[in-house]
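Structure first, then comments.
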Amino acid sequence: MNMTLREQFDVLEYEGLWDEAIELAYENRDQTDAMCRCVFYGWYLYLESFCIEPAPSQEAIEKAQQNLRSVFPEAMKSEQPDVLMEIGYGMDIAFYLFPGDPNENNRRYTSILQRALELRPQDPICKRLYKGSIPGARDIDADMEFERWCALVANRYPGKGEYDKYFRSILTVETSQQSIKGIKGKLKLFYRALLKPLFSPRRE
0 MNMTLREQFD
10 VLEYEGLWDE
20 AIELAYENRD
30 QTDAMCRCVF
40 YGWYLYLESF
50 CIEPAPSQEA
60 IEKAQQNLRS
70 VFPEAMKSEQ
80 PDVLMEIGYG
90 MDIAFYLFPG
100 DPNENNRRYT
110 SILQRALELR
120 PQDPICKRLY
130 KGSIPGARDI
140 DADMEFERWC
150 ALVANRYPGK
160 GEYDKYFRSI
170 LTVETSQQSI
180 KGIKGKLKLF
190 YRALLKPLFS
200 PRRE
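With numbering that gives the first Met the number 0 applied, the sequence shown corresponds to residues 0 to 203, in that order.
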């Protein structure tokens with residue numbers, strides 16, 4: 000039985016075959032699932048390598064970052080909401096790992112997520128990620144019970160690989176009193192503390 004491209008990614012990630020997963024994503028970057036993986040691998044493997052099992056090698060992490068730089072101009076012109084969501088969310092978490100000026104990246108992720116929502120206005124996940132990127136915005140949709148939301152997320156991200164596992168976790172870790180914005184805020188603080196030596200001014 001032939002597997003879909005998404006199923007292939009899921010198996011490779013689950014088995015820790017990161018070199019193969021990264022290569023598959025880049026070779027098929029003209030397809031939405033693959034382009035999403037190119038963007039995701041480019042920031043996620045760098046930040047989360049310490050808690051991924053089996054962990055990606057340093058060479059795999061560098062290759063994923065190289066691929067992100069390569070596909071970024073094309074990805075930014077995409078009319079696929081999934082690709083734009085991937086860029087916007089990734090920038091929201093780790094703007095400094097994306098090509099271009101970090102300060103500019105730190106300002107424009109909301110507009111990228113807004114564009115994704117314009118292309119798919121009825122998508123609850125797209126709506127949630129966009130709202131979660133706006134300071135002071137209300138994240139939880141009044142018309143969506145948390146149990147129903149969790150079922151929707153599980154249906155969108157059903158796999159056992161790292162990609163689906165991550166988004167299931169980040170999108171459903173909240174309760175009806177918590178928000179994706181709060182979770183992402185904690186992630187940002189953690190990552191910045193972890194990487195502070197890399198971004199601190201050097202003293203002569």
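Note that beta-carbon positions come from the ideal geometry of N, C-alpha and C, so glycine has one too.
message = Check for me: the alpha helix (DSSP H) holding D100 runs from which residue to which?
response = No alpha helix (DSSP H) holds D100; DSSP gives it neither H nor E.
task = Express the C-alpha separation of R147 and N66 in angstroms, rounding to a whole number.
result = 36 Å
Selected residue, minimal CA-CA separation from Y40, among E73, P120, R167 and E161 = E161
ask   = Any chance the segment 116-133 sits against the segment 93-102, with 3 or more Cβ pairs inside 8 Å?
value = no
message = Helix, strand or coil for S69? Go by DSSP, reduced to three states.
response = helix
ask   = Looking only at C-alpha atoms, which of G89, Q113 and Q79 sits nearest to Y165?
value = G89
request  = Just the C-alpha distance for E22 and L96, rounded to the nearest angstrom, thanks.
outcome  = 20 Å
query = Going by beta carbon distance, what residues of the same chain come within less than 6 Å of A115, once the five residues before and after it are set aside?
reply = P80, L83, M84 and C125
request  = Assuming Q64 contacts Y43 (C-beta within less than 8 Å), just tell me the rounded distance between them.
outcome  = At roughly 11 Å, the Cβ-Cβ gap does not stay under 8 Å, so Q64 and Y43 are not in contact.
key: Residues near G87 in its chain [Cβ-Cβ closer than 6 Å; skip 5 each side]   = Y108, I111 and L112
ask   = DSSP on E26, reduced to helix/strand/coil?
value = helix
ask   = So, are the CB atoms of E12 and A24 less than 7 Å apart?
value = no
query = In chain order, what residues of the same chain lie with their CB nearer than 6 Å to the CB of C149, ignoring the 5 residues before and after it?
reply = T171
A59 beta carbon less than 7 Å from that of W17 = yes
ask   = F71 to R106, Cα distance in whole Å?
value = 17 Å
ask   = Got a sec? Which residues, its chain only, sit under 8 Å from E52 by beta carbon, not counting five neighbours each side?
value = G15
ask   = For G41, which three-state DSSP category applies?
value = helix
key: Local Cβ density within 10 Å of S132, reported as buried at 16 or more and exposed below that   = buried
key: Residues near A54 by beta carbon distance below 6 Å, same chain, minus five either side   = S48
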